[in-house]
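Using the numbering used here, count along the sequence shown one by one with no gaps and you end on 95.
Glycine residues also receive a C-beta, built at the ideal position from the N, C-alpha and C atoms.
One structure below.
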Amino acid sequence: MKLTVDTTIQRNNDTLTSDIDGEKVMMSVKHGEYYGLGQTGSFIWDNISDPINIGYLVELILEKFKVEKEQCLKDILPFLNDLVEKGLVIATK
Numbered sequence: 003m004k005l006t007v008d009t010t011i012q013r014n015n016d017t018l019t020s021d022i023d024g025e026k027v028m029m030s031v032k033h034g035e036y037y038g039l040g041q042t043g044s045f046i047w048d049n050i051s052d053p054i055n056i057g058y059l060v061e062l063i064l065e066k067f068k069v070e071k072e073q074c075l076k077d078i079l080p081f082l083n084d085l086v087e088k089g090l091v092i093a094t095k
């Protein structure tokens, strides 16, 4: 599935998550792998506990961080796609 601003996403509750110094460390139970998220990734993770439209998520990011909308989309769509492919995030249209 190609993610767009109209895609709805939410985190997969099967993912174990811990907060270490304000950043997230996650473990995929299914894959047995660990993942670390920086400041922006942790902010995204905190905001996708419930289903959220990617377009709305972008607006939240723009309010929190100094970034242009086009750059934000360019950065987060591949990131979110990677999380979906790893089964850490669920995407629906």
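- Taken through DSSP and simplified to helix, strand or coil, residue 18 comes out as strand.
- The continuous beta strand (DSSP E) containing residue 38 extends over residues 35-38.
- Excluding the 5 residues flanking it on each side, residue 46 has no same chain C-beta neighbour closer than 6 Å.
- The Cβ atoms of residue 51 and residue 25 lie no closer than 7 Å to each other.
- Straight-line measurement puts the Cα of residue 59 at about 10 Å from the Cα of residue 65.
- The DSSP-derived three-state label of residue 69 is coil.
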